[in-house]
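One structure is given below, encoded as structure tokens.
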Amino acid sequence: RAPLERYVARVGRCNAARTDKPVPTGWCSWYHFFNHVSEAAMITNLAYLHSERKALPFKLVQLDDGYQTAWGDWSLLNERFPDTLEFLAGEMAAKGYTPGLWMAPFAADKHSQLAREHPDWILRKSERAGAAPVNSGYTHPGKWFHCL
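The sequence shown lines up with residues 1 to 148 when you count with UniProt numbering.
This is how it looks when you write it as structure tokens:
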């Protein structure tokens, strides 16, 4: 076998990698809609995927960036999502898919509700007031779960 294959096999053994399960396949909204996705577009694509299930045997459907009002406000939906995430997840599950949701829990936009209400959660490049933010959550374990 090629050296890289031997190396990868050894790293897998040393780290007790689980290789007995198939890699899940799915559809993700990002690659077509980027952050301009909508609930209506998700429902339309879900119906199409379901109608083509034999040709497209995906296991999961993932809503990617664009559903939230701002990065950091992962539970606040924008105007393109009139229902709830639970509703959309239910639609996915009803058609036999595992629902997926993208988020970046350690990131927050400076205009987000999270940043306005909890400025002390934002890690900054220095201790001085007004210093540029680095990211959210690292110095306050557990508090970033507000986003989830």
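We put the CB at the ideal spot given by N, CA and C, even for glycine.
Asked                                                                                            : Found
Span of the beta strand (DSSP E), counted from its first residue to its last, around Leu101      : Thr98 to Leu101
Bounding residues of the beta strand (DSSP E) (the contiguous stretch that carries Val23)        : That residue, Val23, is in no beta strand (DSSP E); it is neither H nor E in DSSP.
Helix, strand or coil at residue 195 [DSSP, three-state]                                         : Any answer about residue 195 is impossible in this case: the structure gives the chain only from 1 up to 148.
Pick from Leu101, Ala108, Gln113 and Leu77 that is closest to Trp30, judged by C-alpha positions : Leu101
For Arg18, three-class secondary structure by DSSP                                               : coil
Residue range of the unbroken beta strand (DSSP E) whose run includes Arg124                     : Ile122 to Arg124
Cβ-based burial, Phe81 [other Cβ within 10 Å; buried from 16]                                    : buried
Given 8 Å, three or more beta-carbon pairs between the segment 54 to 74 and the segment 37 to 44 : yes
Those residues which DSSP pairs with Leu77 across a bridge                                       : Gln68
For Arg53, the nearest candidate out of Gly96, Leu77 and Ala104 (CA to CA)                       : Gly96
Host alpha helix (DSSP H) of His50 (start-end)                                                   : Glu39 to Ser51
6 Å Cβ shell around Glu5 - same chain, five flanking residues per side excluded                  : none
Pick from Ala115, Ala107, Arg18 and Leu88 that is closest to Tyr67, judged by C-alpha positions  : Leu88
Pairwise C-alpha distance: Pro22 and Thr84                                                       : 31 Å
Exposure label - Ser112; buried when at least 16 CB within 10 Å                                  : buried
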